[in-house]
Amino acid sequence: MKKSLPLLVGSALLLSACGDDEDTVVVGGKDFTEQIILTHMIADLLEENTDANIEREVDVGSTDVLTQGMQDEDIDLYVEYTGTSYITVLDEEIDPENPPEEDEIYDAVQEAYNEEFDISWLEPFEFENRYALAMREEDTDDIDNQSDLVDEAENLVIGHNADFAERPDGLEPMNDMYGYEWGGNEQMDEGLMYDALQNEEVDVISAFTTDGRIPAFDLEIIEDDMNYFPPYYAAPIIRNDILDAHPEIEEELAELAPLLTEETMADLNAQVDIDTELEEVVANDFLVENGLIEE
């Protein structure tokens, strides 16, 4: 069921070891807008409201890199997504005829991470950031769901990032399940996909459902009618020794959790990706506006 992660030599994790210093808590994160915002937000929250010495490692990399970092005690805390861990770390498969409920996936990753990695999943935030296919709204008049794309795929170019090309819940397994044979396939930086779609350089992209560019660019999410993508609820995960040393961390993050809805997260992402605000400014402003830290 579970897989052990290999040592990631030469990865982005060039961090100073601090696993035997429980007064220092290293908050990490992945390498896209939402994760960078959340890394700064959690670090600012804990700096203000706990006695721990907080360090932040922004833009670290993928799930595998961060999971290895936690095993190596270089990262203590970061935000992960339930479906990502279920499929890419635990190596589980989703039965599209009988897909698990969101709480089943959460319970599975919580139990497995606790047993395998000595890591706890804390209270989930009030949003999930699913992978989904997105198109320009004006091109979807005859498209109700992803199955409707099968006959059209040969005339369409799909754009996606490198991660989606390699994930076990990514491009090729999706093509196999739905029977897609795309007319073109363009791999590009995640930040360029939305511009490419808006500029009609591609016709379909692998989008994140909390990306603020979806409403801003008049894009439409296409329903995954075959239940290919699992739930991807966001939740902080933390090493158990750090949680034991600083139980107040769980209390502080529980105060934050209900405030981060899907609409709120999309708005925060849009402030960076569309309004060109800095991630650390957006994160800090949100905490101040919601009374979680002082200005």
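So the sequence shown is numbered by this note's numbering: it starts at 23 and just counts up by one.
The beta-carbon is built from N, C-alpha and C at its ideal position, and this holds for glycine as well.
Span separating the alpha-carbon of residue i from that of residue j
{"i": "residue 231", "j": "residue 58", "result": "17 Å"}
{"i": "residue 139", "j": "residue 202", "result": "37 Å"}
{"i": "residue 248", "j": "residue 260", "result": "33 Å"}
{"i": "residue 97", "j": "residue 161", "result": "44 Å"}
{"i": "residue 293", "j": "residue 299", "result": "6 Å"}
{"i": "residue 279", "j": "residue 142", "result": "16 Å"}
{"i": "residue 221", "j": "residue 45", "result": "50 Å"}
{"i": "residue 113", "j": "residue 307", "result": "38 Å"}
{"i": "residue 172", "j": "residue 73", "result": "55 Å"}
{"i": "residue 54", "j": "residue 177", "result": "30 Å"}
{"i": "residue 144", "j": "residue 188", "result": "28 Å"}
{"i": "residue 314", "j": "residue 169", "result": "44 Å"}
{"i": "residue 296", "j": "residue 236", "result": "11 Å"}
{"i": "residue 312", "j": "residue 197", "result": "43 Å"}
{"i": "residue 93", "j": "residue 136", "result": "12 Å"}
{"i": "residue 242", "j": "residue 159", "result": "5 Å"}
{"i": "residue 127", "j": "residue 305", "result": "28 Å"}
{"i": "residue 131", "j": "residue 255", "result": "12 Å"}
{"i": "residue 41", "j": "residue 262", "result": "Low confidence applies here, because residue 41 scores a pLDDT of 45, under 50, leaving its location unreliable and the question unanswered by this model."}
{"i": "residue 338", "j": "residue 85", "result": "Nothing about residue 338 can be reported from this structure: the residues present for the chain run from 23 to 317 only."}
{"i": "residue 226", "j": "residue 310", "result": "38 Å"}
{"i": "residue 90", "j": "residue 134", "result": "15 Å"}
{"i": "residue 317", "j": "residue 79", "result": "23 Å"}
{"i": "residue 30", "j": "residue 223", "result": "Its pLDDT being 40, under 50, residue 30 is placed unreliably by the model, and the measurement read from it follows with that caveat. Cα-Cα distance, rounded: 35 Å."}
{"i": "residue 111", "j": "residue 238", "result": "33 Å"}
{"i": "residue 27", "j": "residue 155", "result": "Here the model assigns residue 27 a pLDDT of 41, short of 50, so the residue's position is not dependable, and the following value carries that caveat. Going by the C-alpha atoms only, they are around 29 Å apart."}
The beta strand (DSSP E) enclosing residue i, as first and last residue numbers
{"i": "residue 46", "result": "46-50"}
{"i": "residue 259", "result": "256-261"}
Endpoints, the alpha helix (DSSP H) within which residue i is located
{"i": "residue 219", "result": "212-220"}
{"i": "residue 71", "result": "55-71"}
{"i": "residue 181", "result": "That residue, residue 181, is in no alpha helix (DSSP H); its beta strand (DSSP E) goes 179-182."}
{"i": "residue 79", "result": "Careful: residue 79 lies outside any alpha helix (DSSP H), inside the beta strand (DSSP E) at 75-79."}
{"i": "residue 89", "result": "85-93"}
{"i": "residue 271", "result": "270-278"}
{"i": "residue 310", "result": "301-311"}
{"i": "residue 284", "result": "284-295"}
CB-CB length for residue i against residue j, believed under 8 Å
{"i": "residue 103", "j": "residue 88", "result": "No, residue 103 and residue 88 are not in contact; Cβ-Cβ is about 11 Å, not under 8 Å."}
{"i": "residue 183", "j": "residue 215", "result": "7 Å"}
{"i": "residue 51", "j": "residue 82", "result": "6 Å"}
{"i": "residue 179", "j": "residue 206", "result": "3 Å"}
{"i": "residue 49", "j": "residue 264", "result": "With a Cβ gap of about 10 Å, residue 49 and residue 264 do not count as contacting."}
{"i": "residue 64", "j": "residue 253", "result": "The Cβ separation is near 22 Å, so there is no contact."}
{"i": "residue 67", "j": "residue 273", "result": "About 11 Å separates the two Cβ atoms, so there is no contact after all."}
{"i": "residue 233", "j": "residue 291", "result": "6 Å"}
- Message: Quick check for students: name the residue ranges of the beta strand (DSSP E) that lie wholly in the region 100-171, counting only runs of 3 or more.
- Response: Listed in chain order, they are 141-143, 153-158.
- Message: Would the region 144-153 count as touching the region 276-292 if we require 3 or more Cβ pairs under 8 Å?
- Response: Between the region 144-153 and the region 276-292 there are three or more C-beta pairs closer than 8 Å, enough to call the two in contact.
- Are the region 238-258 and the region 116-134 touching by the rule of at least three beta carbon pairs closer than 8 Å? These segments touch.
- Item | Inside the region 188-254 only - beta strand (DSSP E) runs reaching at least 3 residues | With a minimum length of 3 residues, the continuous beta strand (DSSP E) runs that stay inside the region 188-254 are 206-209, 226-230, 241-244.
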